[in-house]
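I have placed the structure first, in the form of structure tokens, so that the comments after it can refer back to it.
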Amino acid sequence: MIRRGHIVALVLVLACNLAVLVQVAGDRRDPSNAEIWLTERELPLAAREQESSLLLLELAWSGEGGAEGVGAVGTGGDEALLRGLGFDCSMPAEREEAGLFYDAQLPRAAWVALEYEGAAWRAWQQRERDAFASRASTAGAAGETREAMESRLEHASRLVLVDADAARSELLRRYPDRERVLLLPAHVGPSLRRDEGRGRRLVAVILWDGGGQVVVPRSLREPLAGLAERPRDRGGKPKEYLPPRYRALLVQGRRDLLRLAAVEPLAER
Amino acid sequence: MRCERCGRELPGNAESSCPDCGDTRTATVDSGSRTAAPGSAPSAGPTIEPGTVFASRYRILEFAGRGAMGEVYRAEDLKLGQVVALKFLRDEAGGDSRYLARLLNEVKTARQVAHPNVCRVYDVGEAEGRHFLSMEWIDGETLAAMLTRRGRPPLDEAVRIARRLCAGLAAAHDRGVIHRDLTPSNVMLDESGAVRITDFGVAELGRVVRGRRAREGTPAYMAPEQFAGEEVTARSDIYSLGLLLYELFTGQQAYHGTSTVRTAVAPDREPPPPPSRLAPDVDPAIEAAILGCLASDPAQRPASARQVGEALPGDDGLFEVAAAAQQRADRIAAFRAELSDLRQAGVMKVAEADLAAVERYHESVLGDLVRRFDVDVSLRGRQLSLGMRIASLLGAIAFSFAAWFFFQRIWGYLAVPVQVGLLASGPAVAVLGTAYASRREKSLYFTMILAVVAFALFAIDLSVLGITFSLPESYGAWLALGLFAFALAYAHGLHSLLVLAIACAGVGLGGLIAELAGVWWARFAMRPESVLPVAVLCALAPRVAGRHGPASFAPVYRLFALAWFAYAVFFLGNLGMFSFLPLEKQTVEILYQLAGFLVASAAVWLGLRARWPETTYAASVFLVALLLNKFTDWWWNLLPKYAFFLIVGTVAIGFLVVLRTLRARLQRAAP
Chain A
1 MIRRGHIVAL
11 VLVLACNLAV
21 LVQVAGDRRD
31 PSNAEIWLTE
41 RELPLAAREQ
51 ESSLLLLELA
61 WSGEGGAEGV
71 GAVGTGGDEA
81 LLRGLGFDCS
91 MPAEREEAGL
101 FYDAQLPRAA
111 WVALEYEGAA
121 WRAWQQRERD
131 AFASRASTAG
141 AAGETREAME
151 SRLEHASRLV
161 LVDADAARSE
171 LLRRYPDRER
181 VLLLPAHVGP
191 SLRRDEGRGR
201 RLVAVILWDG
211 GGQVVVPRSL
221 REPLAGLAER
231 PRDRGGKPKE
241 YLPPRYRALL
251 VQGRRDLLRL
261 AAVEPLAER
Chain B
1001 MRCERCGREL
1011 PGNAESSCPD
1021 CGDTRTATVD
1031 SGSRTAAPGS
1041 APSAGPTIEP
1051 GTVFASRYRI
1061 LEFAGRGAMG
1071 EVYRAEDLKL
1081 GQVVALKFLR
1091 DEAGGDSRYL
1101 ARLLNEVKTA
1111 RQVAHPNVCR
1121 VYDVGEAEGR
1131 HFLSMEWIDG
1141 ETLAAMLTRR
1151 GRPPLDEAVR
1161 IARRLCAGLA
1171 AAHDRGVIHR
1181 DLTPSNVMLD
1191 ESGAVRITDF
1201 GVAELGRVVR
1211 GRRAREGTPA
1221 YMAPEQFAGE
1231 EVTARSDIYS
1241 LGLLLYELFT
1251 GQQAYHGTST
1261 VRTAVAPDRE
1271 PPPPPSRLAP
1281 DVDPAIEAAI
1291 LGCLASDPAQ
1301 RPASARQVGE
1311 ALPGDDGLFE
1321 VAAAAQQRAD
1331 RIAAFRAELS
1341 DLRQAGVMKV
1351 AEADLAAVER
1361 YHESVLGDLV
1371 RRFDVDVSLR
1381 GRQLSLGMRI
1391 ASLLGAIAFS
1401 FAAWFFFQRI
1411 WGYLAVPVQV
1421 GLLASGPAVA
1431 VLGTAYASRR
1441 EKSLYFTMIL
1451 AVVAFALFAI
1461 DLSVLGITFS
1471 LPESYGAWLA
1481 LGLFAFALAY
1491 AHGLHSLLVL
1501 AIACAGVGLG
1511 GLIAELAGVW
1521 WARFAMRPES
1531 VLPVAVLCAL
1541 APRVAGRHGP
1551 ASFAPVYRLF
1561 ALAWFAYAVF
1571 FLGNLGMFSF
1581 LPLEKQTVEI
1591 LYQLAGFLVA
1601 SAAVWLGLRA
1611 RWPETTYAAS
1621 VFLVALLLNK
1631 FTDWWWNLLP
1641 KYAFFLIVGT
1651 VAIGFLVVLR
1661 TLRARLQRAA
1671 P
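Respectively, the protein sequence lines represent chains A and B. Reminder that position 133 of the first sequence reads as 133 in my numbering, one-by-one numbering, no gaps. Each number in my numbering corresponds to the 1-based position in the second sequence with 1000 added.
This is the structure:
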């Protein structure tokens, strides 16, 4: 006996699936918003559930202090970026009540610009080298070795956060190159971070709306077969990395949804 | 004055014969009394004085009314200590074998049906030269009296009455009883809104009635085939039901103004005006159901009264009926236990024959309730039922995880179109499964399992679609999940689904409100005011949605209302800077603490007043937690710990004294 509740439930299932398909179809109309080739350095395989057959690539970008994804510095620094998004950054980070003060300012919707292998990437490398030199002069040989640092820089993501704005059009105007710059919807908020030797400071936290992960469709799985079982980070001290083993064409559709359009294996050096 | 038989308005107060149906019985005024017994109408004085003990068993309490067959009294059954209705044949009718047969027939047929929407008939007897039957006393009025007094009721009330009416008639038909005299005067409504079909005087056992008896009934409410003296079946009752529903929803008879009953029931007559013409708020579904019942050709009418009830908008009254059935079984169990105690204490002596008769009757009722509603008839049965509920819930959760992990295992190997197809068809198939299961089992254990699995599959559907297409997470998905769970909860009266529904819809709605206020929806919990409208909606829901679902949904809503509110109060009472309000942190905290105390106290009071125990308990816990929170704020760092707990203990004793005083007052006030 079909009741009204069943019909409502069935209509909901149908409507939700249709809505998603319509949205995806709208996203995949030509031309796309951006198409960018990235390697395993920028799109590593995401950690997989033991019994899951799903392959996901995870967007990685280089942040300050070697951090990937959190506390990345914009062109004018995190505080300037946060102020630009309307956050109140008047409370000094060292004050005791600063924690609750910034916690109470929740992340806001913003568009962030990630540049691939550009000036920001080179500047980021330089900052990392400078920071290493500074650490080495104060801590001596106790910290990371130069080889380890250089290896890290050689294998780090070349995507760097360069800007954020509440208006997508503003960012688009500032960064028109859609083969090197990704404009992604995200939520940006303030957070306090304590770094060794630098005390507590204010950083911007980026939270991706889409989770920052892209599914590898069945048709593109072949070049990635077996890679998940052989992580690129081979461990050791200093850490050893395999060179990137594939490159992938990341497409951002008309509605800014990310998808993979191609995956190609890279010859091992 | 109306003709007793066909309902036509008649002039004068004296006996007359109806020009329409030719009935020569006494025409009676339809009672508007609020206290009436089935089929009764007080219009003349009693022949038995109140206080008289009749048949050495019944103390007459009051005269309730006079009908065509005789008089009805409210009486106390001295043996069983229950109030009953006694229906006596008129003195002049006592010798009429037709009336006597009708009285006996009423007992015989009505006792076939045990249903909350059918008036219970207990027994028939003869004493002091008078034939009588004892039946359930209903403190209320007939539907006819209600329509005369108030006109047509509001739509939702009419739907509720109609559903119960359909349920009662369906129960009679299920037992092979054709009522044959379904009229507004034979439907009783009590003060609690319960609906009962009465007067089975001309009812028949069997699938078809032919011959001379076929034409018995009230012509104005007869199906054409019944009036013509042809074959009378359950579908003839469906026609009468259609006329009755027409009157209920429009406040007018379907053939109001027709010159004669004969014209009104003629097979080639014009259909009545659509109900929506007389009452514009009548839903098309209701109109279609009513007009379907009024088809001249019996084959064109709905096959069952249950089908008519199901065609009405809103969910059916199955939940209430099932709950009433369990209550009935519980009452019988309590009655048996108390009777046993009374007999053991020597307070009451009951003849073995009477006891056996009551026992047989109860066994028959319980058997019917078990068969129809799968009620628990013993404490052990109840305990096992609880175990079955827990097992089915655990099973449902386990199956949901199984579905998720199975999909995880295969989804990477499926092409996207196959994934989407599987994802969408999973919950749809499970929904259809719940519909199928609910038809096959009364206790809904498997229905609940399938409903929870359907919910889980829909959640997997939305989640996997989001991952597959890199869609941003959205409060809309939570709202959709909540709506889905509500739909299944109300379709089957499932509490587990209601809990899921309120939780998901709460998250979705909280997210939406946060988003509207400029906060990322996923962080709505960090702006606790986002959930305050959710709390208000939960508090109001029993008044709105509660009418369509089981009454036991209301406590769930109330508990959620308190829970959402308590969350906001505790959060903002301690961390005022997370408020939307443009006020100082301390001001916000004080404001919410005060609001917490006020609302919690009001909820305790309301719970006591409205007899909502769950609200009283939950609000009391809320109140105590608020107090402890404040005590900690004030004194934890100020006092030695022993002194702090000494204060807490002293306050608890103070509460104990206050509550004990209140309880003593209540007990003194109780009879």
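The beta carbon of each residue, even a glycine, is placed where N, CA and C say it ideally should be. Note that the coordinates shown come from a computational prediction; the quantities given were computed from them, not determined experimentally.
{"query": "Check the Cβ of Ala-104 (chain A) against every Cβ in chain B and list those closer than 7 Å, keeping chain order.", "result": "Met-1577, Phe-1578"}
{"query": "Please list, in chain order, all residues of the same chain as Asp-1316 (chain B) whose beta carbon is under 8 Å from its beta carbon, the five residues on each side excluded.", "result": "Below a pLDDT of 50, predicted positions are generally treated as unreliable, and Asp-1316 (chain B), at 49, falls in that range; the measurement from the model is reported next regardless. Cβ within range, chain order: Arg-1163, Ala-1167, Gly-1309, Glu-1310."}
{"query": "Starting from Pro-1427 (chain B), find everything on chain A with Cβ-Cβ shorter than 8 Å and list it in chain order.", "result": "Ala-9, Val-13"}
{"query": "Since Val-1159 (chain B) and His-6 (chain A) should fall inside the 8 Å C-beta cutoff, what is the C-beta to C-beta distance between them, to a whole number of angstroms?", "result": "The Cβ separation is near 19 Å, so there is no contact."}
{"query": "Give me the residue from A:Gln-105, A:Ala-60, A:Ala-46 with the minimum Cα distance to Leu-82 (chain A).", "result": "A:Gln-105"}
{"query": "First and last residue of the beta strand (DSSP E) that includes His-6 (chain A)?", "result": "No beta strand (DSSP E) contains His-6 (chain A), which is instead part of the alpha helix (DSSP H) from 4-27."}
{"query": "Please name the residues in the region 1397-1429 of chain B whose beta-carbon is closer than 8 Å to at least one beta-carbon of chain A, in chain order.", "result": "Phe-1405, Gln-1408, Arg-1409, Ile-1410, Trp-1411, Gly-1412, Tyr-1413, Leu-1414, Ala-1415, Val-1416, Val-1420, Leu-1423, Ala-1424, Pro-1427, Ala-1428"}
{"query": "Near Thr-1250 (chain B), what residues of its chain come up, given a Cβ to Cβ distance below 8 Å and the 5 sequence neighbours on each side ignored?", "result": "Arg-1152, Pro-1275, Leu-1278, Ala-1279, Val-1282"}
{"query": "May I ask you to report which of helix, strand or coil DSSP gives Leu-1089 (chain B)?", "result": "strand"}
{"query": "Is His-1179 (chain B) helix, strand or coil when you go by DSSP?", "result": "coil"}
{"query": "Looking only at C-alpha atoms, which of A:Pro-244, A:Val-215, A:Val-205, A:Leu-266 sits nearest to Trp-111 (chain A)?", "result": "A:Val-205"}
{"query": "Return no unless some Cβ of chain A is closer than 7 Å to the Cβ of Ala-1435 (chain B).", "result": "yes"}
{"query": "Listing by chain order, which chain A residues have their CB less than 7 Å from the CB of Leu-1462 (chain B)?", "result": "Cys-16"}
{"query": "Could you spell out where the beta strand (DSSP E) holding Thr-1142 (chain B) opens and where it closes?", "result": "1140-1142"}
{"query": "Of all the options B:Val-1657, B:Tyr-1642, B:Leu-1080, which has the alpha carbon lying nearest to the alpha carbon of Val-1350 (chain B)?", "result": "B:Leu-1080"}
{"query": "Quick one: using the 10 Å Cβ neighbour count with 16 as the cut-off for buried, is Ala-1041 (chain B) buried or exposed?", "result": "No answer about Ala-1041 (chain B) holds up, because its pLDDT of 45 lies below 50 and its placement is not dependable."}
{"query": "Please state whether DSSP places Ala-34 (chain A) in a helix, a strand or coil.", "result": "strand"}
{"query": "Is Val-1676 (chain B) buried or exposed, if buried means 16 or more other CB atoms sit within 10 Å of its CB?", "result": "Given that chain B is displayed from residue 1001 to residue 1671, the structure contains no residue 1676 (chain B) and the question cannot be resolved."}
{"query": "Going by other Cβ atoms of all chains shown within 10 Å of its Cβ, with 16 needed for buried, is Lys-1087 (chain B) buried or exposed?", "result": "buried"}
{"query": "To which residues of the same chain is His-1115 (chain B) closer than 6 Å at the C-beta, ignoring the five residues directly before and after it?", "result": "Gly-1168, Ala-1171"}
{"query": "At least one CB of chain B closer than 7 Å to the CB of Gly-86 (chain A): is that the case?", "result": "no"}
{"query": "Could you spell out where the alpha helix (DSSP H) holding Phe-1200 (chain B) opens and where it closes?", "result": "It is not in any alpha helix (DSSP H) - Phe-1200 (chain B) carries neither H nor E in the DSSP assignment."}
{"query": "Counting only C-beta atoms, is Gly-69 (chain A) closer than 7 Å to chain B at any point?", "result": "Caution is warranted here: a pLDDT of 47 is assigned to Gly-69 (chain A), below 50, making its placement in the model unreliable, and the coordinate value is therefore given only provisionally. Output row for Gly-69 (chain A): interface = no."}
{"query": "Please go through the same chain and pick out, in chain order, the residues whose beta-carbon is closer than 8 Å to the beta-carbon of Tyr-175 (chain A), but skip the five residues on each side of it.", "result": "Ala-113, Glu-115, Val-162, Asp-163, Val-181, Leu-183"}
{"query": "Please classify Thr-39 (chain A) as buried or exposed, where buried requires at least 16 neighbouring CB atoms within 10 angstroms.", "result": "buried"}
{"query": "Cβ closer than 8 Å: which chain A residues qualify as neighbours of Leu-1498 (chain B)?", "result": "Under the 8 Å cutoff, chain A gives no residues; its nearest Cβ is about 12 Å from Leu-1498 (chain B)."}
{"query": "So the candidates are B:Pro-1533, B:Glu-1225, B:Leu-1516, B:Ala-1517; which of them puts its Cα closest to the Cα of Asp-1297 (chain B)?", "result": "B:Glu-1225"}
{"query": "Based on DSSP bridge pairs, tell me the residues matched to Tyr-1255 (chain B).", "result": "Tyr-1255 (chain B) is not bridged to any residue."}
{"query": "If you compare alpha carbons, which of B:Leu-1516, B:Ile-1513, B:Phe-1484 is closest to Ala-1501 (chain B)?", "result": "B:Phe-1484"}
{"query": "Would you call Ala-225 (chain A) buried or exposed, if buried means 16 or more other Cβ atoms sit within 10 Å of its Cβ?", "result": "exposed"}
{"query": "Ignore the nearest five residues each way along the sequence and tell me which others in Phe-1399 (chain B)'s own chain have a CB closer than 7 Å to its CB.", "result": "Ile-1449, Val-1453"}
{"query": "From the DSSP output, in three-state form, read off Ala-261 (chain A) for me.", "result": "strand"}
{"query": "Chain A beta carbons: is any one of them nearer than 7 Å to that of Phe-1484 (chain B)?", "result": "yes"}
{"query": "Indicate whether at least one CB of chain A lies closer than 7 Å to the CB of Trp-1520 (chain B).", "result": "yes"}
{"query": "Just verifying my parser: in three-state terms, what is the DSSP assignment at Glu-1071 (chain B)?", "result": "strand"}
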